[in-house]
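Q:
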Ligand code: PEP
Ligand code: MG
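Numbering (this note's numbering), first residue to last: 3 to 570.
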């Protein structure tokens, strides 16, 4: 049995589909029959084009035109007369094997494109690499992996998955397991919004399984069983059925209010990445959206989304929520979230670097397009805007002033903008938590981002499984920071939410309730479980429990405290 970190709950049983990182080794050989090599080249081109066309059609159906366009660009590369012409010339001239000629010409093309000044041209280097790798794989009879083409039930196993890999997953992907990553890596967050079980951070899974092995993925306990016995399979088939039955029971809480035993109403909200996630939000009975991670609108494409595209996305979400609050976070790019079309500086510590509000205040044209789209959409619902990664007061003040300037400009152009937009910030950097009393005077609300607050408090990279023991959400040091933020906000009559994964965690929820948290925002799939839990708790008792937790010394002691209370 292999242990990992549960990234998304559930149980799955299926064959392994291993996502291989392709290593292509090419030898140089002298050939006598150049015609044979050229014929092989043409066959590889035809097969590659067939794959790309299938991928394009499939992506168009499942994910829309924008993502499908990527494969149209790839088809152009596969047919490029300059590239193919040079490969044929080299085979004829130097009498070398097709693989060697293709690789040599490709390397020259890639270097040329990579050295161009123009961002768009640089991007073409990636396209050329991608397409020629496909051709080389055909020539060398290597398997390439296309997640979106999977057409039988599988569990995907990979070293790591990018958000765009997860975006390609279709209904046949029953779960995934990776070597790297933690609960708050973005592939884990995507797994929860896709509602498929996932275990990450196993360190070794790609070495432990072979393609086609049968695995039981128990993502309730973070365990993976490889080629298990008949009796283990039967046990897990039963557990899976039970889990799914419980899920149906939970659904009955969908339209209930979230009120504690002693009558306090708290707000239960959902975190989303795109307007498509709305379905899960409504299905799971969220009372609002506590975090719209807008960077997903910018990912998996060739260029920035226009003001109009953004306006439409925000309008869809606001209208879909029918007047319920929607907290939109402005662009939080950087760290592990990169855009292929935005040049970023080389950084030793991207998580501590040029990202989020730092980047937006530096490149105001990017920020402005988003704010215009957002403000124009504000009249279609109950919009709240927050800025990510605020470290010092000046950043919040500058971002807010800029937002008000953009609003003024829109009004002058004749657009309507709502007058009741709340403007808040994320508290995810310890400096902001420590100075929360000052921030509370200038914001309308706080939303505590514990995914980052934990990594910065413990100086422990949230993506790095070697230090995952330092992901300690219940450690009193973190609980004290959270308490400071909540108390400071309440002192100024402001509300506080939490949109980090901790807000849906069953050990943390009782304590957060006791500390006075007003809004809990989480993956949509955690909402009903959390509602069930909150309905069973009393505020007054949780206040006592929280005060006991605050004077404990370790993460484990707090877990024990909550567990022993809950089992009473
Ligand atoms: C957080 O840091 O807690 C958060 C909600 O933001 P993200 O996970 O997108 O960094
Ligand atoms: Mg964050």
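Every residue, glycine too, gets a C-beta built ideally from N, C-alpha and C.
1) Can you find the residues in the same chain that come closer than 8 Å, C-beta to C-beta, to residue 280, ignoring five residues on each side of it along the sequence?
2) Once you ignore the five residues that flank residue 108 on each side, which residues in its own chain have a CB closer than 7 Å to its CB?
3) Starting from the Cα of residue 344, find the closest Cα among 361, 556 and 282 and give me that residue.
4) Given 6 Å as the limit, tell me if residue 29 has its C-beta closer than that to any heavy atom belonging to the ligand MG.
5) How should residue 244 be labelled, buried or exposed, when 16 other C-beta atoms within 10 angstroms of its C-beta is the threshold for buried?
6) Please report the residue range of the beta strand (DSSP E) in which residue 10 lies.
7) Let's test the definition: count the other Cβ atoms within 10 Å of the Cβ of residue 403 and tell me whether it reaches 16, buried, or not, exposed.
8) Using DSSP with H/G/I as helix, E/B as strand and the rest coil, what is residue 221?
9) Jot down the residue ranges of each uninterrupted alpha helix (DSSP H) in the segment 104-164, minimum 4 residues, whole runs only, in chain order.
10) Can you pull every residue whose C-beta falls closer than 6 Å to some heavy atom of the ligand PEP, listed in chain order?
11) Between the segment 430-437 and the segment 406-418, do three or more beta carbon pairs fall short of 8 Å?
12) In three-state terms, what does DSSP make of residue 425?
13) Output needed for residue 420: all residues of its chain with C-beta closer than 7 Å, excluding positions within five of it in sequence on either side, in chain order.
14) Pull the bridge partners of residue 386 from the DSSP assignment, please.
15) Taking Cβ to Cβ, would you say residue 221 is nearer than 7 Å to residue 11?
16) At the level of alpha carbons, what is the spacing between residue 160 and residue 561?
17) Is residue 583 buried or exposed, if buried means 16 or more other CB atoms sit within 10 Å of its CB?
18) Which same chain residues, not among the five before or five after residue 518, have their C-beta less than 7 Å away from its C-beta?
19) Could you pull out every residue in the same chain whose Cβ sits closer than 6 Å to the Cβ of residue 462, ignoring the five residues on either side in sequence?
20) Which residues bound the beta strand (DSSP E) around residue 295?
21) Could you give the uninterrupted runs of the beta strand (DSSP E) lying entirely in the segment 475-531, keeping only those of 3 residues or more?
22) Sort 409, 208 and 431 by Cα distance to residue 422 and report the nearest one.
23) Per DSSP, what kind of secondary structure is residue 260 in: helix, strand or coil?
24) In the DSSP assignment, find the unbroken alpha helix (DSSP H) run with residue 20 in it and report its ends.
25) Please name the residue, chosen from 67, 104, 96 and 374, that lies closest to residue 84 on a Cα-to-Cα basis.
26) What do you reckon, are the CB atoms on residue 26 and residue 80 nearer than 7 Å?
27) For residue 387 and residue 448, I'd like the C-alpha separation in whole angstroms.
28) In this structure, what does DSSP give as the bridge partners for residue 272?
29) Once the 5 residues before and after residue 266 are set aside, which same chain residues still bring their CB inside 7 Å of it?
30) Quick check on the burial criterion: 16 or more other C-beta atoms within 10 angstroms. Buried or exposed for residue 23?
31) What is the DSSP secondary structure of residue 198, reduced to helix, strand or coil?
32) Kindly list the residues whose CB is nearer than 7 Å to the CB of residue 494, restricted to its own chain and excluding five residues on each side of it in sequence; keep chain order.
33) Would you mind giving the Cβ-Cβ distance between residue 287 and residue 326, rounded to the nearest angstrom? I have them listed as a contact below 8 Å.
34) Beta carbon of residue 49, beta carbon of residue 140: below 7 Å?
35) Tell me where the beta strand (DSSP E) around residue 28 begins and ends.
36) So, helix, strand or coil for residue 339, using DSSP?
A: Per the coordinate set shown:
1) Position 278 of the chain shown holds residue 280. For residue 280, where only same-chain residues beyond five positions count, the Cβ hits under 8 Å are 274, 318, 319, 322 and 323.
2) Along the chain shown, one-based indexing puts residue 108 at 106. These residues qualify, in order along the chain: 130 and 134.
3) Here residue 344 refers to the residue found at position 342 of the chain shown. When C-alpha distances from residue 344 are compared across 361, 556 and 282, the shortest belongs to 361.
4) Here residue 29 refers to the residue found at position 27 when the chain shown is read from its first residue. No.
5) Taking the first residue of the chain shown as 1, we reach residue 244 at position 242. Residue 244 should be labelled exposed.
6) What you label residue 10 is simply residue 8 of the chain shown in a count that begins at 1. Residue 10 -> beta strand (DSSP E) spans 7-10.
7) Walking along the chain shown from the start, residue 403 turns up at place 401. Exposed, because fewer than 16 other Cβ atoms sit within 10 Å of the Cβ of residue 403.
8) By 1-based counting over the chain shown, the position of residue 221 is 219. Residue 221 sits in coil when the DSSP states are folded into three classes, being neither helix nor strand.
9) Taking only runs of at least 4 residues, the alpha helix (DSSP H) segments lying wholly in the segment 104-164 are 121-141.
10) What you get when you keep residues with a C-beta closer than 6 Å to any heavy atom of the ligand PEP is 186, 293, 295, 334, 430, 451, 452, 453, 454, 501 and 502.
11) Flag = no, the segment 430-437 and the segment 406-418 do not touch.
12) Reading the chain shown from its first residue, position 423 is the one you call residue 425. Strand at residue 425.
13) Position 418 of the chain shown, counted from the first residue, corresponds to residue 420. Correct list, in chain order: 380, 381 and 385.
14) Taking the chain shown and counting its residues from 1, one reaches residue 386 at position 384. As a beta-bridge residue in DSSP terms, residue 386 pairs with 329 and 424.
15) As a first step, residue 221 is located in the chain shown; it is residue number 219 there, counting from the start. As a first step, residue 11 is located in the chain shown; it is residue number 9 there, counting from the start. For residue 221 and residue 11, yes; Cβs fall inside 7 Å.
16) Locating residue 160 in the chain shown gives position 158, where the first residue counts as 1. Locating residue 561 in the chain shown gives position 559, where the first residue counts as 1. The straight-line gap from Cα to Cα measures roughly 32 Å.
17) This structure cannot settle anything about residue 583, because the visible part of the chain is limited to 3 through 570.
18) What you label residue 518 is simply residue 516 of the chain shown in a count that begins at 1. Within the same chain, and ignoring the five residues on either side of residue 518 in sequence, the residues whose Cβ sits closer than 7 Å to its Cβ are 488 and 492.
19) Numbered from its first residue, the chain shown carries residue 462 at position 460. Scanning its chain for C-beta atoms nearer than 6 Å, with the 5 sequence neighbours on each side dropped, one finds around residue 462 the residues 469 and 472, in chain order.
20) On the chain shown, position 293 is the one that residue 295 refers to. Counting along the chain, the beta strand (DSSP E) containing residue 295 begins and ends at 291-295.
21) Every unbroken stretch of the beta strand (DSSP E) spanning 3 or more residues and falling wholly within the segment 475-531 is given here in chain order: 497-500 and 521-525.
22) Residue 422 sits at position 420 when you count from the first residue of the chain shown. Closest in alpha carbon position to residue 422, among 409, 208 and 431, is 409.
23) In the chain shown, counting from the first residue as 1, residue 260 sits at position 258. The answer is coil: DSSP assigns residue 260 none of H, G, I, E or B.
24) On the chain shown, position 18 is the one that residue 20 refers to. Taken as a continuous stretch (DSSP letters only), residue 20 belongs to no alpha helix (DSSP H), being part of the beta strand (DSSP E) at 13-20.
25) By one-based count along the chain shown, residue 84 stands at place 82. When the alpha-carbon of residue 84 is set against those of 67, 104, 96 and 374, the nearest one is in 104.
26) Against the chain shown, residue 26 aligns to sequence position 24. Against the chain shown, residue 80 aligns to sequence position 78. No Cβ-Cβ contact shorter than 7 Å links residue 26 with residue 80.
27) In the chain shown, residue 387 corresponds to position 385, counting from 1. In the chain shown, residue 448 corresponds to position 446, counting from 1. Note on geometry: alpha-carbon atoms of residue 387 and residue 448 lie some 11 Å from one another.
28) Against the chain shown, residue 272 aligns to sequence position 270. DSSP output for residue 272 lists 291 and 524 as bridge partner(s).
29) If you number the chain shown from 1, residue 266 lands on position 264. For residue 266, where only same-chain residues beyond five positions count, the Cβ hits under 7 Å are 541.
30) Here residue 23 refers to the residue found at position 21 of the chain shown. Label assigned to residue 23: exposed.
31) Numbered from 1 along the chain shown, position 196 holds the residue referred to as residue 198. Of the three classes helix, strand and coil, the one that applies to residue 198 here is coil, per DSSP.
32) To locate residue 494, count along the chain shown from 1; it is residue 492. 442 and 443.
33) Translated into the one-based positions of the chain shown, residue 287 becomes position 285. Translated into the one-based positions of the chain shown, residue 326 becomes position 324. 11 Å between Cβ atoms; not a contact.
34) What you label residue 49 is simply residue 47 of the chain shown in a count that begins at 1. What you label residue 140 is simply residue 138 of the chain shown in a count that begins at 1. Contact annotation: residue 49 and residue 140 have beta-carbon atoms nearer than 7 Å.
35) Taking the first residue of the chain shown as 1, we reach residue 28 at position 26. Looking at the DSSP string, residue 28 is not in any beta strand (DSSP E), and its letter there is neither H nor E.
36) Along the chain shown, read from residue 1 onward, the residue named residue 339 stands at position 337. Strand.
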